[in-house]
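Participant: Got a structure for you, questions after.
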Amino acid sequence: MDWFQNAQPTALPPRRTVIRELPLHLVDTSNKVIDQGTAVYHDFVSFCGRDNVIEVAVALIIGSAFTAVSVSLVTDILTPLLSLVPFLNRNLVNKFVVLSCGHGPNVHKDSTLRSIKAECKYNTLAQAATDGAITLSYGKFFETSLQFLISACSLYLMIKSIQLFWHKKIVKETQNCRYCRKEISKNASRCGFCTSWMDGREEQESTSFEWPKFNGLDEMTNGLFRSSPIDAKQKRRAD
4 MDWFQNAQPT
14 ALPPRRTVIR
24 ELPLHLVDTS
34 NKVIDQGTAV
44 YHDFVSFCGR
54 DNVIEVAVAL
64 IIGSAFTAVS
74 VSLVTDILTP
84 LLSLVPFLNR
94 NLVNKFVVLS
104 CGHGPNVHKD
114 STLRSIKAEC
124 KYNTLAQAAT
134 DGAITLSYGK
144 FFETSLQFLI
154 SACSLYLMIK
164 SIQLFWHKKI
174 VKETQNCRYC
184 RKEISKNASR
194 CGFCTSWMDG
204 REEQESTSFE
214 WPKFNGLDEM
224 TNGLFRSSPI
234 DAKQKRRAD
């Protein structure tokens, strides 16, 4: 315990020194914050400034607006016209078949089965859903399918008009590689997956190649084993 009693507290830096160094610490901290903020800003700008991000954003905006137009066309114009057909005496959405009656206020518990079926009549699909009935909503499905067909036809006509105006194909034609069966461009001369030529030159080279024919081992080795060094020495001694 003597060393603990004899220990002296560490001397703190004078207040003047701390005050002098405080601006330097503030400047260093502010520079680090500015550098980090600048790096984050540049990363964000590079991410948002990519071509594919801008193209996707524009496509989503135009697609949502086009979807609203197609839905309005079907709901507000075509559906009322189709309702004038004799067997479509009301809107397509309200064409449904009741599979099971609900247990709402329209059905009494003491009623017989025939009376329940007689009372189980709904004018709209919302009324049947509120009553808890199970319905087969074929009119809603038909209207949704009609919206899809109109959207697809409109997009097709739009793409065709752009191709006629710009003289450029937007939808590129593709084909399957005969070797790896991957989908590539129709105008491609070589497959980007298996690097095979599309003009069939590899098949021509493989069929035109012929193995050389040799009459014997001596001709195949081009006289390599025709005479050995031992035979040459024996011939010299004989001479």
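For the record, in the sequence shown the residue sitting at position 184 is 187 according to the numbering used here, with numbers rising by one throughout. Ideal Cβ placement from N, Cα and C applies to all residues, glycine included.
#1: Can you have a look at Leu25 and say buried or exposed, based on whether 16 or more other CB atoms are within 10 angstroms of its CB?
#2: Can you give the Cα-Cα distance for Ile37 and Ile57, rounded to whole angstroms?
#3: Go ahead and label Lys98 buried or exposed: buried means 16 or more other beta carbons lie within 10 angstroms of its beta carbon, across all protein chains shown.
#4: Since Leu95 contacts Leu85 with CB under 8 Å, what's their CB separation in whole angstroms?
#5: Alpha carbon to alpha carbon, how far is Ser75 from Ser192?
#6: What distance in whole Å lies between the Cβ atoms of Ala136 and Gly105, which are believed to be in contact at a cut-off of 8 Å?
#7: Alpha carbon to alpha carbon, how far is Glu146 from Asn126? Give it in angstroms, no decimals.
#8: For Cys183, tell me which candidate among Asp46, Thr177, Thr198, Lys172 has the shortest Cα-Cα distance.
#9: Suppose the cutoff is 8 Å on Cβ atoms and the five residues either side in sequence are ignored; what does the same chain contact list for Ser103 look like?
#10: Please give me, in chain order, every unbroken run of the beta strand (DSSP E) with length at least 3 that falls completely inside the stretch 69-98.
#11: With DSSP run on the structure shown, which of helix, strand or coil describes Thr41?
#12: What is the DSSP secondary structure of Glu176, reduced to helix, strand or coil?
#13: What is the rounded straight-line gap between the Cα of Leu158 and the Cα of Ile187?
#14: List the endpoints of the continuous beta strand (DSSP E) containing Ser188.
#15: Kindly indicate the opening and closing residues of the alpha helix (DSSP H) around Ser199.
#16: Within this structure, are the beta carbons of Thr177 and Lys163 separated by less than 7 Å?
#17: Give the secondary structure of Ser103 by DSSP, where H, G and I count as helix, E and B as strand, and everything else as coil.
#18: Quick check on the DSSP output: the alpha helix (DSSP H) that includes Thr133 runs from which residue to which?
#19: Rounded to whole angstroms, what's the CA-CA distance from Leu152 to Val43? Just pull it up for me.
Facilitator: So, from the listed chains and residues:
#1: exposed
#2: 28 Å
#3: buried
#4: 6 Å
#5: 46 Å
#6: 4 Å
#7: 18 Å
#8: Thr198
#9: Ala136, Ile137
#10: none
#11: helix
#12: coil
#13: 24 Å
#14: 186-188
#15: Per DSSP, Ser199 belongs to no alpha helix (DSSP H) and is neither H nor E.
#16: no
#17: strand
#18: 128-134
#19: 46 Å
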